[in-house]
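Trainee: Take this structure first; my questions come after.
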Amino acid sequence: MLESVRTRKPFRDGFQLLPQSVWANWGSIIQDADEEEEEVQRFKYEQQLDRSFLSKSSVIGLGFGLMSPVLGMSTTMSIGLLNGGPLTIVIGFLINGIATWLCSLSLGEIVSRFPIELHGGSAMLARQKFKLACSWFTGWLMLLGNWTMSTSITFAGAQLLVSLVTMTNDKLIGENYIVVTTVLAFYLIVTIVGLINLKFAGFIETVNKVCVYWIVYAVIFIDILLLLFHSGKYRSLKYALAHFDNSFSGYSSAALSFIIGFQQSSFTLQGFSMLPALADEVKESERDIPKGMSTAVLTSTVTGVVFLLPIMLILPDTQTIINNPKVMPIALIFTQSTHSIFVSLFLVIMILGNLLFSGIGSVTTSSRAVYSMSRDMALPYSEFWSYVDPSSKHRVPKNSILLSMGISYLLGLLALLSTAAFNAFMGAAVLCLCSATCIPLVLVLISRRRALRGSPIKVRYRLGWFVNIASILWLVFTMVVICIPPQVPVTFSSMNYAFVVYLLFLAAITVLYFRWGRYNFKTPLISEDSRTDDTASASFVLQDANLPK
Numbered sequence: 001m002l003e004s005v006r007t008r009k010p011f012r013d014g015f016q017l018l019p020q021s022v023w024a025n026w027g028s029i030i031q032d033a034d035e036e037e038e039e040v041q042r043f044k045y046e047q048q049l050d051r052s053f054l055s056k057s058s059v060i061g062l063g064f065g066l067m068s069p070v071l072g073m074s075t076t077m078s079i080g081l082l083n084g085g086p087l088t089i090v091i092g093f094l095i096n097g098i099a100t101w102l103c104s105l106s107l108g109e110i111v112s113r114f115p116i117e118l119h120g121g122s123a124m125l126a127r128q129k130f131k132l133a134c135s136w137f138t139g140w141l142m143l144l145g146n147w148t149m150s151t152s153i154t155f156a157g158a159q160l161l162v163s164l165v166t167m168t169n170d171k172l173i174g175e176n177y178i179v180v181t182t183v184l185a186f187y188l189i190v191t192i193v194g195l196i197n198l199k200f201a202g203f204i205e206t207v208n209k210v211c212v213y214w215i216v217y218a219v220i221f222i223d224i225l226l227l228l229f230h231s232g233k234y235r236s237l238k239y240a241l242a243h244f245d246n247s248f249s250g251y252s253s254a255a256l257s258f259i260i261g262f263q264q265s266s267f268t269l270q271g272f273s274m275l276p277a278l279a280d281e282v283k284e285s286e287r288d289i290p291k292g293m294s295t296a297v298l299t300s301t302v303t304g305v306v307f308l309l310p311i312m313l314i315l316p317d318t319q320t321i322i323n324n325p326k327v328m329p330i331a332l333i334f335t336q337s338t339h340s341i342f343v344s345l346f347l348v349i350m351i352l353g354n355l356l357f358s359g360i361g362s363v364t365t366s367s368r369a370v371y372s373m374s375r376d377m378a379l380p381y382s383e384f385w386s387y388v389d390p391s392s393k394h395r396v397p398k399n400s401i402l403l404s405m406g407i408s409y410l411l412g413l414l415a416l417l418s419t420a421a422f423n424a425f426m427g428a429a430v431l432c433l434c435s436a437t438c439i440p441l442v443l444v445l446i447s448r449r450r451a452l453r454g455s456p457i458k459v460r461y462r463l464g465w466f467v468n469i470a471s472i473l474w475l476v477f478t479m480v481v482i483c484i485p486p487q488v489p490v491t492f493s494s495m496n497y498a499f500v501v502y503l504l505f506l507a508a509i510t511v512l513y514f515r516w517g518r519y520n521f522k523t524p525l526i527s528e529d530s531r532t533d534d535t536a537s538a539s540f541v542l543q544d545a546n547l548p549k
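At position 91 of the sequence shown (counting the first as 1) the number is 91 in UniProt numbering, and the numbers step up by one without a gap.
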């Protein structure tokens, strides 16, 4: 069944991305709620999870953790250094931040109208003939994107942790044992963040709120200590913002190198699309999740630029900090700049603190994506994965959390077999999240945005077209960029296989759809008139005449 909830709210309760003094400059792009009645579609699932588990500030903190520029930009620094350096890293991140913010606005409109995990939104937006397929592919691409992104975040943290050890003694871990040590550290991290989600769920609200303060103070401490303890000559501001040298990438085209450098920012900022999976655990998800997404993107963008600029001012010679298999470039930047192991260790520890928040958040979102898909019978043994113990104090989908941890453990083994194969799966994370976000955005355009009528959070009609189209183009552009090798000449081990893995994912999803999905998967728009149970997970009838038939 589908319930339509109509209310009238003043505009001041709307899309407040920034403090009120700043908001006045942006308010003109948001639809005034007084111009039309709000209509939010409610889904009559049995409410198994805690509806007030996460507050608005917690959603912002979780999103900020998933898109932490401190962890994300630090662990992928080699991509930007190879493909231009300061201009690519700082300006490229700023461009990515603005474009990603537009994407968060577009996705926020959909989540506001249909406050449910994204595959449910696709089902609501698609025409009757394509509802099941659109919902299936959106949900599975988002689920695979959650799993691989979660693995990417925790593995990058493990690499940084190993760098912390080798900073003190380069010979402590032999080059042949670096990968094995990293995988063991990765398993330890996944276990810790998974257990926190399982056993200490009551603290996740606090963890998400503390995340914002940790990242902000980490940026402040890192920037100040770098500038204070830098022992060499400072770069000019012009160098920090505009210097470009792509000679290490091997590409002759400066424009192509600059674009390839966007990969670094894309890995960092794409996590915003994972937040709709939390719709069942936010009291006013139709408002708080859209606000959380856009606010987290803006906060990450501003914080990222503030974090990166001082690093570019003290940047050592690029040749001395790349192609070191034992120590990540960011750790070498710290040691060569400060010439102090103690200060460098402290700076790396500040970055590693972000790992706890990012890792916990990635397991939270990926497990909720499993729960949401299982609730609609998208996975074999769905009842097991979607089970929530009603007697537990903090109602979390424990089996979904265990499955997400298991997938991470399995993907981590790839690093032992082939670094190129593992990196391909990490690149596929961005491809999956981008394509899953594209599907409902395209469906919005097909409906000529009429499907969003009544959404509490909505970009003004004419600007909405621009924002939606720009978002789709940017997501497609990001998918192309992610598939390009960051360095040439390309060898078998350095080739970018992300697109190959993505195609394998698509093939597997398609086969599973025809073998399982067509017969078992249910969407919110499937009418099962013979069922009378109000808690049935997929017994809904479309009521809104404005939606495409």
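Note that CB positions come from ideal geometry on N, CA and C, so glycine has one too.
(1) Secondary structure at D376, three-state DSSP: helix, strand or coil?
(2) I'd like to know if the stretch 479 to 492 and the stretch 103 to 113 are in contact, where contact means that at least 3 CB-CB pairs between them fall below 8 Å.
(3) E383 lies in the alpha helix (DSSP H); which residues open and close that run?
(4) Which residue wins for smallest C-alpha separation from A296, given the options N496, M77, G194 and S273?
(5) Whose C-beta lies closer than 7 Å to the C-beta of Y187 among residues of the same chain, with five residues either side of it excluded?
(6) Give the secondary structure of G84 by DSSP, where H, G and I count as helix, E and B as strand, and everything else as coil.
(7) Work out the CA separation of F521 and E528 for me, nearest whole Å.
(8) Does DSSP put D288 in a helix, in a strand, or in coil?
(9) Taking the C-alpha atoms as reference points, what is the distance between G194 and I360?
(10) Is DSSP giving L315 helix, strand or coil here?
(11) From C438 to V476, what does the alpha carbon distance come to, in whole angstroms?
(12) For L452, count the other beta carbons within 10 Å of its own beta carbon; 16 or more makes it buried, fewer makes it exposed. Which is it?
(13) Expressed to the nearest angstrom, what Euclidean distance is found between the alpha-carbon atoms of V90 and S74?
(14) Residue range of the alpha helix (DSSP H) that M149 falls in?
(15) Nearest-angstrom Cα distance between C134 and H119?
(16) Is it right to say A99 is buried, meaning 16 or more other beta carbons lie within 10 angstroms of its own, or is it exposed?
(17) With distances taken between CB atoms, is the gap from P310 to D223 smaller than 8 Å?
(18) Would you mind working out which of F425, A470, K326 and L416 sits nearest T166, comparing C-alpha positions?
(19) By DSSP, does D389 sit in helix, in strand, or in coil?
(20) Please report the straight-line C-alpha distance between A277 and M142, rounded to a whole angstrom.
(21) Just to confirm my understanding: we take S366, look at its own chain, exclude 5 residues before and 5 after, and list those with CB closer than 6 Å. What are they?
(22) Would the beta-carbon of N354 fall within 8 Å of that of A218?
(23) Could you check what DSSP says for L49 in three-state terms: helix, strand or coil?
(24) Helix, strand or coil for V490 per DSSP?
(25) Closest to A421 by CA distance: which of G454, S152 and N176 is it?
(26) Once DSSP output is grouped into helix, strand and coil, what is the label at V480?
(27) Would you call the stretch 492 to 504 and the stretch 414 to 434 in contact, with 3 or more CB pairs under 8 Å?
(28) Straight-line CA distance for T154 to P390?
(29) Please go through the same chain and pick out, in chain order, the residues whose beta-carbon is closer than 7 Å to the beta-carbon of T138, but skip the five residues on each side of it.
(30) Distance check for S249 and G80, CA to CA, integer angstroms please.
(31) Specify the secondary structure class of L54 as computed by DSSP and reduced to three states.
Mentor: So, to answer that:
(1) In this structure, D376 counts as coil in the three-state DSSP scheme.
(2) In this structure the stretch 479 to 492 does not touch the stretch 103 to 113; the number of beta carbon pairs closer than 8 Å is below three.
(3) Where E383 is concerned, the enclosing alpha helix (DSSP H) stretches over S382 to W385.
(4) Taking only the C-alpha atoms, the option nearest A296 is S273.
(5) Excluding residues within five positions, the ones whose Cβ falls inside 7 Å are Y409 and G412.
(6) If DSSP states are grouped into helix, strand and coil, G84 belongs with the strands.
(7) For E528, the predicted model reports a pLDDT of 39, less than 50, meaning its position is unreliable and no value from the coordinates is stated.
(8) If DSSP states are grouped into helix, strand and coil, D288 belongs with the helices.
(9) Rounded to whole angstroms, the gap between the alpha carbons of G194 and I360 is 7 Å.
(10) L315: coil per DSSP, three-state reduction.
(11) About 8 Å.
(12) It is buried - the Cβ of L452 has at least 16 other Cβ atoms within 10 Å.
(13) Cα-Cα distance, rounded: 12 Å.
(14) Run containing M149: K131 to T168, per the alpha helix (DSSP H) assignment.
(15) Taking the straight line from one Cα to the other gives about 8 Å.
(16) Burial call: buried.
(17) Closer than 8 Å, so yes.
(18) Ranking the options by Cα distance to T166, first place goes to K326.
(19) Coil, per DSSP.
(20) Going from the Cα of A277 to the Cα of M142 covers about 9 Å.
(21) Excluding residues within five positions, the ones whose Cβ falls inside 6 Å are N146, W147, S150 and S404.
(22) Contact check for N354 against A218 passes: the beta carbons are separated by less than 8 Å.
(23) Here DSSP, grouped into helix, strand and coil, assigns L49 to coil.
(24) Looking at V490 - three-state DSSP - the assignment turns out to be coil, as it is neither helix nor strand.
(25) Cα-wise, what sits closest to A421 is S152.
(26) In the structure shown, V480 sits in a helix (DSSP, three-state: H, G or I).
(27) A contact exists between the stretch 492 to 504 and the stretch 414 to 434.
(28) T154 and P390 have their alpha carbons spaced roughly 30 Å apart.
(29) Hits under 7 Å: L118, H119, S122, A436, I439 and P440.
(30) Going from the Cα of G80 to the Cα of S249 covers about 10 Å.
(31) Three-state DSSP puts L54 in a strand.
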